[in-house]
Amino acid sequence: MAQKAIREYDGKAIFAKHWNEYFDGFNYDFKSVLVTSADELREKAKEEGYEWLNQEALVVKPDMLFGKRGKNGLVLFKVEKPGDVKLEDAAKWIEEKQSEEVTLLSGQKGMLTHFIVEPFTPHTQDQEYYISATVVDTDDVLYMSAEGGMEVEEGWDEKVNEVRIPITMTDEEIEEAVRANVPEGIPAENKERFAKFAIQFFKFYRDLNFAYLEINPIVMIENNAHILDLVARLDDTAGFLMKDKWGDIEFPTPFGMEDQSPEEKAIAEADAKSGASLKLTILNPKGRIWTMVAGGGASVVYADTIADLAGVEDLANYGEYSGGPTESETQFYAETIFDLMTRYEDPRGKILIIGGAIANFTDVAKTFTGIIKALDKYADKLKEHNTKIYVRRGGPNYEKGLKDIKEAAERLGLYMEVYGPETHVTDIVRMALDK
Amino acid sequence: MSNRLFTKDTQAIFWNNNKKAIQRMLDYDYVIGREKPSVAAIVAPTSSNKFEKFFYGADEIMIPLYRSTADAVAEHKNADVLLNFASFRTAYDVTMEALNMGDQFRVIMVTAEGIPERLARKMNQTAKDNGTLIIGPATVGAITPGAFKIANVGGTIENIIKSKLHRAGSAGLVTRSGGLFNELCNIIAINADGIAEGVAIGGDRFVGSVFIDNLLRMEENPDVKYMILLGEVGGTEEYKVIEAVKSGKIKKPVIAWCIGTIAKHFSSGVQFGHAGASANAERETAEAKNQAMREAGIHVPESFNDLPKVINEVYTDLKNKGIITEIEEPEVRSIPKNRRPKNFICTISDDRGEEATYAGFPISSVATPDTGKTIGDVISLLWFKKVYPKWATDFIETVIKTVADHGPAVSGAHNAKVTARAGKSVVESLVTGLLTIGPRFGGAIDGAAKYFKYANDNNMTPQEFLAYMKKQGIPIPGIGHRIKSLRNPDKRVEGLKNYAKEHFPSTPLLEYALEVEQLTTSKKDNLILNVDGTIGILMVDMWRALGYSEEEIDEFIESGTLNSFFILGRTIGFIGHVLDEKRLAMPMYRHPFDDILYDVKKAEEIK
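Going line by line, the protein sequences match chains A and B. Just so you know, we're using the working numbering here: the first sequence kicks off at 1 and counts up by one. Just so you know, we're using the working numbering here: the second sequence kicks off at 1 and counts up by one.
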């Protein structure tokens, strides 16, 4: 869905890969490892090129897309005093943090699975700066502050300078605008250096198709840039342009979000392989009302209407199929839903909404053939769960599609009401709920 | 015009040969009785075809195909809509190229979903600066009922008529979703009198024209009496509409609903609907927007399910006030059920009418002497589908006469004669002679036209041209004669040159060729511009004077048109030789042994 978060480690790796191309006059010593366990860290330390893990003081943080790690007590940078964390301290800390579920201040819960380990950078508060860039409305905005660190969000308006950069701005204009907005708080002798870095940072953000890029704090010691903390999102629609520049990038599931169920994963895989669109999110596996809706917009109005009329707790799933799926794709999608909806009992019986707006070019009869085959297979189970089925659809060949599915329901002894374009698209929800 | 998105005269260039979508447009054109097809040309970068056939009612029509937008524009200046059906990989480049053509395109529709956001923003901004309206990306399109419909919007013809999209109604409709666009048209047809104009702006986060751009245009469009907006959770575009209503910029009644009220129940992680649909702040939620619109005086239903009721109320009110009047339903032409594509196409003559025609001219109007028409005129009609002026048809006739025969010894005539003596028929003997025509026999006409034109086009001096041909290792076609020289000129050549000098408006290539001849004859006396060369070169001069483009002339040369004059003319001579043999009744020909050098060695055995 366009903008996707990446790990801090991967963000830094992209910086390192393109550093010389973009950051003229600055050095960046990319020392960073991403590990999933304490043992992996211990093993890493034995590898060539990672001697620093044994030699230097370390910092360890979870690298799982959530922020405010300091405030959550999830940054290890001292045992006794800052800068005394050794390899074994880091490994033990990882073991300890992985021993039980972690709850963040935001309430998100989950197991910690990825950690980033880096050398500790001794520095003073006044060496910490803040820089970030993102898209606001249709412009890019560069944010710069002389005060980096955890507290930047408090007093944002006073501390942070904003530079709006319209998409058609030339490099010269960008450079001028950034120079004119270097934060007051940056000492005069560092101003030019900071401006130069900020300009290069923006071009890097722009050319590499980041949607959001934040370094907080960035520490400048002479011409050495230390990226102490980084948050990044990429515009994944640019993936085809950035294949080489991003490398093999991973878009992890955000922390605290339950991992996808096997059924959701299977639909996502089918979606990736197909030219059509197949989407499924399970909202409540025990929910009473299940939907199988064609079209992105229609799926939203069905969900809206069900939440309005029945309450959101009854809504079991959200999803859609569209863009002319084949008969077998539709059958697979339908079987997945029928299977899920016949797992838990509901004394009131189940409701299945086979809905959709009037299709532009999808052949309704063809997709319905897939649904009918799935009904054949699951008819007994659906009856066991007292399922009432409501169908509404229009578009190419819809008369045949509606007739076929009606006949199938009669043949299989399923309760089914069938409607076409003359019935309002979401009216079947009202009928199903008898409101 | 400017406040109506499309009219019945609007024509589009369709980028990508999406046959089904184009056929749907033409079916629509037929149903509503458009005079010109709504698609003027198709851009198909990898196709080598020159046109694609489509049905218009029961008949077929041809729509020209071009390799690039620039080529299509050159021929179809009045097509001011570009339907960009390129994939997400190339849609940006196609749009930017079109935007670089100044004000050629008034509207560009982009269908691809998932164009990189940075590129989409750049494309949208460039269009805005250029004054071009972008519809999309990630859209099914737009429609002005009774005038022009983009691609698949509206669905099947049956649905279009059911949804009253074949004639103008009173509502202006703007949605994000393409699927719900169709649904809304249906709802409006059931509960009111249909739409006057509708746009699905597209589902990507960054789209070109947004709700307000389209609604402000509809505010100025006299056909639109009230407007319906279907928004979505996410973004703040609806607030611009609220501002316009509050400030009085929009005075017509607006009905609106934002879908995605479900999203409030799920803090994050579930993407409901489109890429653009994700609330980043409270005011971007569907509830907040619906509430804000309600407060601004926009007609907002209680739920999507109640939308039809509100539409009916607003429509009935406007009707009672006399702002909307009853629409007279037009006659609708129906699309024939069984249509069969034609296997053959003919664009030069027609034998179906009272009298057969050559390119639209009855045969009797060119055949007899009193018409003043000659073989040259018939050739200009059947070969070029044009009525050439007299100086040109006379020249063609002169060429035919000049090349009709060159005696029995040339290889083609010889072959024809040998075949005739073997007892074969006129046609068999004739084709044997004709099959000899090629690069070495008669081909100099083509070659001369090709190389002299190439040299002239590239501003080569005669010296450079000679050096170039030497480097290519080819003797210059059209130069050289067995016995003729400057001092003993070829009378046929003299005749052609004199005619051209007297009657052609200008003869630039001939003059160039004569400069070349100066140079070649200074090396060897018989390296003169020969009859083949003269014909080839003068044909180019003729076409230039007739206004053909250099590309068209190159195409004539490539397709062997010049050679055709030789084939046609020499056929006269070959038939003469064949008939001569028939009359003479000569026996089977056998070549004498003593005229053949026998040099046969015993074959070596390969082990």
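Quick reminder that beta carbons are idealized off the backbone N, C-alpha and C, glycines included.
> Straight-line CA distance for residue 422(B) to residue 375(B)?
Replying inline: Here residue 422(B) is taken as the residue at index 422 of the second sequence, counted from 1. Here residue 375(B) is taken as the residue at index 375 of the second sequence, counted from 1. Going by the C-alpha atoms only, they are around 33 Å apart.
Query - DSSP state of residue 109(B) mapped onto helix, strand, coil - result: By 1-based counting over the second sequence, the position of residue 109(B) is 109. Strand, per DSSP.
Using only the alpha-carbon positions, how far apart do residue 459(B) and residue 388(B) sit? Locating residue 459(B) in the second sequence gives position 459, where the first residue counts as 1. Locating residue 388(B) in the second sequence gives position 388, where the first residue counts as 1. If I take the Cα positions, the gap works out to 29 Å.
Worksheet item: Below 8 Å, can you find three or more Cβ-Cβ pairs linking the segment 322-333 of chain A to the segment 387-405 of chain A?
Response: no
Going by DSSP in three states, residue 472(B) sits in which element: helix, strand or coil? Counting from 1 along the second sequence, the entry for residue 472(B) is found at position 472. Helix at residue 472(B).
### Query
Taking all protein chains shown into account, do 16 or more other C-beta atoms lie within 10 angstroms of the C-beta of residue 62(B), making it buried, or fewer, making it exposed?
The sequence position of residue 62(B) within the second sequence is 62, counting from 1. Residue 62(B) should be labelled exposed.
CA-CA distance, residue 49(A) and residue 31(A)?
One-based indexing of the first sequence puts residue 49(A) at position 49. One-based indexing of the first sequence puts residue 31(A) at position 31. Spanning the two alpha carbons is a distance of roughly 10 Å.
- Element boundaries [beta strand (DSSP E), containing residue 389(B)]: Working through the second sequence from its first residue, we reach residue 389(B) at position 389. Unbroken run through residue 389(B): none, as it is neither H nor E.
Inset, instruction - Just the C-alpha distance for residue 479(B) and residue 527(B), rounded to the nearest angstrom, thanks. - result: Within the second sequence, numbered from 1, the residue matching residue 479(B) stands at position 479. Within the second sequence, numbered from 1, the residue matching residue 527(B) stands at position 527. Computed Cα separation, rounded: 6 Å.
Cβ-based neighbour list, residue 189(B), same chain, cut-off 6 Å, excluding 5 preceding and 5 following: Here residue 189(B) is taken as the residue at index 189 of the second sequence, counted from 1. 163, 164, listed in sequence order.
Which residues share a DSSP beta bridge with residue 290(A)? In the first sequence, the residue the question calls residue 290(A) occupies position 290. Partner(s): 352(A).
Of the residues that make up the segment 194-216 of chain B, which ones have a beta carbon closer than 9 Å to any beta carbon in chain A?
203, 204, 205, 206
Q) How many whole angstroms separate the CB atoms of residue 235(A) and residue 13(A), which I take to be in contact at a CB cut-off of 8 Å? A) On the first sequence, residue 235(A) is found 235 positions in, with the first residue counted as 1. On the first sequence, residue 13(A) is found 13 positions in, with the first residue counted as 1. With 8 Å as the limit, residue 235(A) and residue 13(A) do not qualify as a contact, their Cβ atoms being about 18 Å apart.
Close Cβ partners of residue 515(B) (< 6 Å) along its chain, the five nearest in sequence each way excluded:
Position 515 of the second sequence holds residue 515(B). Counting only Cβ-Cβ distances below 6 Å, and skipping sequence neighbours, we find 462.
Burial state of residue 477(B), where buried means 16 or more other Cβ atoms lie within 10 Å:
Locating residue 477(B) in the second sequence gives position 477, counting from the first residue. With 16 or more Cβ atoms within 10 Å of its Cβ, residue 477(B) is classed as buried.
For this session: For residue 364(A), collect the residues of the same chain with a Cβ closer than 7 Å to its Cβ; drop the 5 residues on either side in sequence, then sort them by chain order.
Result: On the first sequence, residue 364(A) is found 364 positions in, with the first residue counted as 1. Cβ neighbours of residue 364(A) beyond the five flanking positions: 393, 395, 396, 397, 398, 401.
Selection from 65(A), 219(A), 203(A) that minimises the alpha carbon distance to residue 120(A):
Locating residue 120(A) in the first sequence gives position 120, where the first residue counts as 1. Ranking 65(A), 219(A), 203(A) by Cα distance to residue 120(A) puts 219(A) first.
Checklist line | Secondary structure of residue 233(A), DSSP reduced to three states | finding: Looking up residue 233(A) in the first sequence gives position 233. Reduced to three states, the DSSP call for residue 233(A) is strand.
| query | Who are the Cβ neighbours of residue 1(B) in its own chain at under 6 Å, not counting the five residues just before and after it? | reply | The residue labelled residue 1(B) in the question sits at position 1 within the second sequence. With a pLDDT of 48 at residue 1(B), under the threshold of 50, the modelled position of this residue cannot be trusted, and the question is left open.
task = Let me know the beta strand (DSSP E) ranges lying completely inside the segment 112-174 of chain B, each 3 residues or longer, listed in chain order.
result = 133-135, 142-144
Report the CB separation of residue 161(B) from residue 332(B) in whole angstroms; it is logged as a contact under 8 Å. As a position in the second sequence, residue 161(B) is number 161, starting the count at 1. As a position in the second sequence, residue 332(B) is number 332, starting the count at 1. Correct: roughly 6 Å between the Cβ atoms.
Uninterrupted beta strand (DSSP E) stretches inside the segment 297-343 of chain A (no shorter than 3 residues): 317-322
Proximity test, Cβ basis, 7 Å: residue 424(A) and chain B:
Taking the first residue of the first sequence as position 1, residue 424(A) is located at position 424. At least one chain B Cβ lies under 7 Å of residue 424(A).
Exercise. Among 592(B), 120(B), 319(B), which residue has its Cα nearest to the Cα of residue 204(B)?
Worked result: Here residue 204(B) refers to the residue found at position 204 of the second sequence. Taking only the C-alpha atoms, the option nearest residue 204(B) is 120(B).
### Task
Report the rounded CA-to-CA distance for residue 430(B) versus residue 83(B), giving the unit in angstroms.
Working through the second sequence from its first residue, we reach residue 430(B) at position 430. Working through the second sequence from its first residue, we reach residue 83(B) at position 83. Cα-Cα distance, rounded: 52 Å.
- Item | Counted within 10 angstroms of its Cβ, other Cβ atoms place residue 572(B) as buried (16 or more) or exposed | The residue you call residue 572(B) lines up with position 572 of the second sequence. Residue 572(B) comes out exposed.
* Cβ pair count under 8 Å reaching 3, the segment 561-568 of chain B against the segment 430-443 of chain B -> yes
- Task: Leaving out five residues on either side along the sequence, give the residues of the same chain with a beta carbon under 7 Å from the beta carbon of residue 79(A).
- Result: If you number the first sequence from 1, residue 79(A) lands on position 79. Around residue 79(A): 85, 89.
*asked:* I want to know whether the segment 348-359 of chain A touches the segment 296-307 of chain A - three or more CB-CB distances under 8 Å.
replied: yes
Pull out every residue of the segment 409-435 of chain A whose Cβ sits closer than 9 Å to any Cβ of chain E, in chain order. Although the question refers to chain E, the structure presented lacks it and instead comprises the protein chains A and B.
Where residue 1(A) falls: helix, strand or coil (DSSP)
If you number the first sequence from 1, residue 1(A) lands on position 1. A caution first: residue 1(A) carries a pLDDT of 48, below 50, which makes its placement in the model too unreliable to give a value.
Name the residues in the segment 129-160 of chain A whose C-beta lies less than 9 Å from a C-beta of chain B; which are they? 135, 137, 138, 139, 140
Item checked: Under 7 Å between C-beta atoms of residue 540(B) and residue 496(B) -> To locate residue 540(B), count along the second sequence from 1; it is residue 540. To locate residue 496(B), count along the second sequence from 1; it is residue 496. No. Outside cutoff.
Mind listing the chain A neighbours of residue 187(B)? Cutoff is C-beta to C-beta under 9 Å, in chain order. For the purposes of this step, residue 187(B) is taken as the residue at position 187 of the second sequence. Those within 9 Å of residue 187(B) in chain A are 424, 425.
* Taking buried to mean at least 16 other C-beta atoms within 10 Å of its own C-beta, is residue 89(B) buried or exposed? -> For the purposes of this step, residue 89(B) is identified with residue 89 of the second sequence, where counting begins at 1. Exposed, because fewer than 16 other Cβ atoms sit within 10 Å of the Cβ of residue 89(B).
Residue 391(B) versus residue 381(B) - alpha carbon distance: Taking the first residue of the second sequence as position 1, residue 391(B) is located at position 391. Taking the first residue of the second sequence as position 1, residue 381(B) is located at position 381. Between residue 391(B) and residue 381(B), the C-alpha separation is close to 15 Å.
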